[in-house]
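Below is one structure, written out as structure tokens, with a few remarks after it.
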Amino acid sequence: MQDVKDKINDMLADSISSIRFQGAFLIPIITGTVVGLGEITSNLLVRIGEQVASIMQMGSVGGVGYVGEFLNIQGALQPSFLQLVVGIYVLLSCLTLGMFVGGLQDGWDRMAMYENMGSTILFGTLTYVISAALVAVMFGGLAQSVI
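See the structure below:
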């Protein structure tokens, strides 16, 4: 019986490590990058909107009125709302993957599942916050210097 259990654990080891890596690092890094770039894009759109509005106030330039109506920046998605939605996604995906890891490793033992879910959420949230902050800091200054 022990040989069968060891064989099954060996077969599941690659899957478990892959799920753990996805929950703790891959998903949070990707979503943190998306939120950081979304924040930069939103800030750039606000700046472009301000510049178009200042051009429109300087005088009536042919065709600028149509461009001003086309670039309605006020209806754009706010970065805080995007961060809230993506943050909830990160928490739920880390929670689900932690539950799967706990179930595959320890046979659906509740305490082991809660421990795996907690550690996956902790590392996933920290990775998400760090990656979003790094992307915003690294590329935010570059984007501000362009405009």
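Position 56 of the sequence shown, counting from 1, maps to 128 under this note's numbering, and the rest follow consecutively. Glycine included, C-beta positions come from ideal geometry on N, C-alpha and C. In this text the structure is predicted, and so the values were computed from the model without any measurement.
Taking C-alpha positions only, R182 is separated from I80 by approximately 21 Å. Here G179 carries a coil assignment [DSSP, helix/strand/coil]. With a cut-off of 8 Å on Cβ pairs, the segment 155-172 is in contact with the segment 191-205, counting three or more such pairs. Where Q150 is concerned, there is no enclosing alpha helix (DSSP H), because DSSP gives it neither an H nor an E. Contact check for P100 and T199: beta-carbon distance about 4 Å, within the 8 Å limit, so the pair qualifies. With a minimum length of 4 residues, the unbroken runs of alpha helix (DSSP H) contained wholly in the segment 75-132 fall at 99-130. G174 and N188 do touch by the CB rule: their CB atoms are close to 4 Å apart, below 8 Å. Non-local C-beta neighbours of L176 in its own chain, meaning closer than 8 Å and more than five positions away in sequence, comprise L84, S87, I88, I91, ordered along the chain.
The three-state secondary structure of M171, taken from DSSP, is helix. Residue state for M185 is assigned as helix, using DSSP reduced to three classes. For the pair of segments examined, the segment 112-120 was found to touch the segment 197-213: the number of CB pairs separated by less than 8 Å reaches three. Relative to L206, the option among I102, T197, G108, D82 whose CA is nearest is G108. Counting only the Cα atoms, A204 lies some 9 Å from Q155. If you check the CB distance, G104 and P151 do not come in under 8 Å. Within 10 angstroms of the beta-carbon of F172 lie 16 or more other beta-carbons, which makes it buried.
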